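In the numbering used here, the protein residues as written are 17 to 324.
Built from N, CA and C at the ideal position, the CB exists for glycine as well.
Just so we're clear, the structure is a prediction, and the values are computed from it rather than from any experiment.
Okay, so here's the structure we're looking at.
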């Protein structure tokens, strides 16, 4: 493919300037930028062109984050593509040294010869710009977009608090899309970030389930995604706050509780069965400095599940 640098530079100039505004700018960002991302990631380019493509990809990630701050998940599939190290743009330039770098990464790192350093830079750019935190804010709407602000809403919240939070959480389809985007990158996360983020993600998902009805047919899909992500914690050399078994089964407790409180007898029975299964799994987990079975007892008391 011919060098697209001039075309990409023109797009970036329009996006960053006041040349185009309103609906035209919105269409450029929402429609044309994702299209060009698909095109460039499916092509091979030389090392002289790659920096221009990466600049375009990172500006696109900035647009993704801005959309997420506005509660708009429409560009998550574009983020997914940029995070996927198997795209032709990355794999076509793999060499013995392509994954080695002297840069210190907080969010993603890999010594694998199958992972190009550019995808690591792009994931880290997303993290440095607050993208992973904003993603959590769209799952748990009690979280403040400004990380320095309190993360839980209370009865004394004001207009500033409302402006500092996403107005509504992801739809179920958008949530699944977001979790798949995280899943494509999770094995590239640094151990420290994986332990911290996946713990926070599970907490956000538990809060999401408390607020959002999840159809029985969607429970399995969510459970599979949470299980897939949680496994990364056990691969870490960092001591986890909660093991993968705890993360998965605490999420299952929330899902089961929703069923247990359902309207139909069948759903209540299914919920009770799921509750028992999750509790059995958690009872077999050894305690850690940050988690013990007392957390489960407290959860049961809080949700008035135990019979007195």
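- Judged by beta-carbon spacing, residue 84 lies within the 7 Å limit of residue 150, meaning their Cβ atoms are closer than that value.
- Residue 82 and residue 246 have their C-alpha atoms some 27 Å from each other.
- For residue 95, the enclosing alpha helix (DSSP H) stretches over residues 92-99.
- In the displayed model, residue 205 falls within a strand according to three-state DSSP.
- Bounds of the alpha helix (DSSP H) holding residue 38 are 38-43.
- In the three-state DSSP reduction, residue 318 falls in the helix class (H, G or I).
- Judged by DSSP secondary structure, residue 76 falls within the alpha helix (DSSP H) whose first and last residues are 66-85.
- The C-alpha of residue 124 lies about 16 Å from the C-alpha of residue 97.
- Looking at the DSSP output, residue 304 bridges to 307.
- Nearest in C-alpha terms to residue 152, of all of 201, 37, 223 and 234, is 223.
- In this structure, the CA atom of residue 42 is about 15 Å from the CA atom of residue 87.
- Separation of residue 200 and residue 100 (C-alpha to C-alpha, rounded to the nearest whole angstrom) is 6 Å.
- Shown here, residue 255 sits in coil according to DSSP, grouped into three states, outside any helix or strand.
- Between the alpha carbons of residue 280 and residue 274 lies a gap of roughly 12 Å.
- DSSP, read as helix, strand or coil, puts residue 124 in strand.
- Each residue's CA atom was taken as its position, placing residue 22 and residue 30 some 12 Å apart.
- CA-to-CA, the gap between residue 148 and residue 214 works out to about 11 Å.
- Taking residue 315 as the centre and dropping the five residues before and after it, the same chain places the C-beta of 269 closer than 7 Å to its C-beta, in chain order.
- With fewer than 16 other beta carbons inside 10 angstroms of its own, residue 51 counts as exposed.
- Straight through space, the alpha carbons of residue 231 and residue 128 are spaced by roughly 40 Å.
- Shown here for residue 277: same chain residues with a beta carbon closer than 8 Å to its own, the five before and five after excluded, namely 284 and 287 in chain order.
- Going by C-alpha positions, residue 319 is about 16 Å away from residue 219.
- Counting the other Cβ atoms within 10 Å of the Cβ of residue 89 gives 16 or more, which makes it buried.
- Residue range 260-276 is occupied by the alpha helix (DSSP H) that includes residue 276.
- DSSP, read as helix, strand or coil, puts residue 186 in coil.
- Assignment of residue 158 by DSSP, reduced to helix, strand and coil, places it in the coil class.
- Annotated as distal: residue 243 and residue 207, with beta-carbon spacing of 7 Å or more.
- Judged by their CB atoms, residue 60 and residue 108 are nearer to each other than the 7 Å cut-off.
- In the three-state reduction of the DSSP assignment, residue 33 falls in the coil class.
- For residue 281, the enclosing alpha helix (DSSP H) stretches over residues 281-299.
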